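Residue numbers (the UniProt record's numbering): 1 to 251.
Glycine included, every Cβ here is placed at the ideal spot set by N, Cα and C.
Keep in mind it's a predicted model, so treat the numbers as computed, not measured.
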């Protein structure tokens, strides 16, 4: 595929800048600025769905980076652990031979009507082997149907996307280990209610917020505490000293 395309000198200069900038990505804000900045010169898009996990597994951690305002419900559907939407797209990519894959956006639009995703999706990633991590990316809201050039550029840039996402994750894990105060005040309140066995609806009533907002907080808590479920999140929170292990009687 690479023999079919020649980048102009201006493109080569922008490519050099994009690759150099990717090396400096170490935080979530860095990743957002890079994907919505330098990367847009080659793969313009409105929203980027990113997933990472151990090799050959359904993506375990998902994130959405977008120049649009993503409703909390949409973010939850796309980033919940084991999100079926992401798993289905990744499975299609694996079955297609792990090459850059163009898919119709209609199934995603049906699953998440609030997400602006007309036209087609561009999917690509790196499937790790053994203990190596895997990553998977879905470009949403492309200005035109992706063709051979876009697939070539996705192949060319994928190693840098892969490493940039992993560095971002590594930085977050290091921050989580170094700072138990990573949870916000509201998230600590939600975690305390989770310890008390309250449902999302009940937590919403106690804190005077919607159940959907509670879901969003729970998702962030699970991610920050690296927990697979609510019980593990509570246990990790207690172990880190974020909340007490015994609940005082509620009046």
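- Of the residues assessed, residue 82 falls on the exposed side of the cut-off, its CB having fewer than 16 other CB atoms within 10 angstroms.
- Residue 105 and residue 242 have their C-alpha atoms spaced approximately 42 Å apart.
- Contact between the region 141-153 and the region 44-51 is present: three or more C-beta pairs spanning the two stretches fall below 8 Å.
- Put simply, the region 199-209 does not touch the region 146-162. Fewer than three CB pairs are less than 8 Å apart.
- Short of 8 Å from the beta carbon of residue 198, and not among the five residues preceding or following it, lie these beta carbons of its own chain, in chain order: 206.
- By the neighbour-count criterion, in which a residue is buried when 16 or more other Cβ atoms sit within 10 angstroms of its Cβ, residue 53 is buried.
- Residue 117 sits in coil when the DSSP states are folded into three classes, being neither helix nor strand.
- Within the region 75-119, the beta strand (DSSP E) runs of at least 3 residues that lie entirely inside it are, in chain order, 101-104.
- Scanning its chain for C-beta atoms nearer than 6 Å, with the 5 sequence neighbours on each side dropped, one finds around residue 191 the residues 221, 237 and 243, in chain order.
- When secondary structure is reduced to three states using DSSP, residue 42 falls in the coil class, being assigned neither helix nor strand.
- For the pair of segments examined, the region 13-32 was found not to touch the region 102-121: the number of CB pairs separated by less than 8 Å stays below three.
- Separation of residue 235 and residue 31 (C-alpha to C-alpha, rounded to the nearest whole angstrom) is 31 Å.
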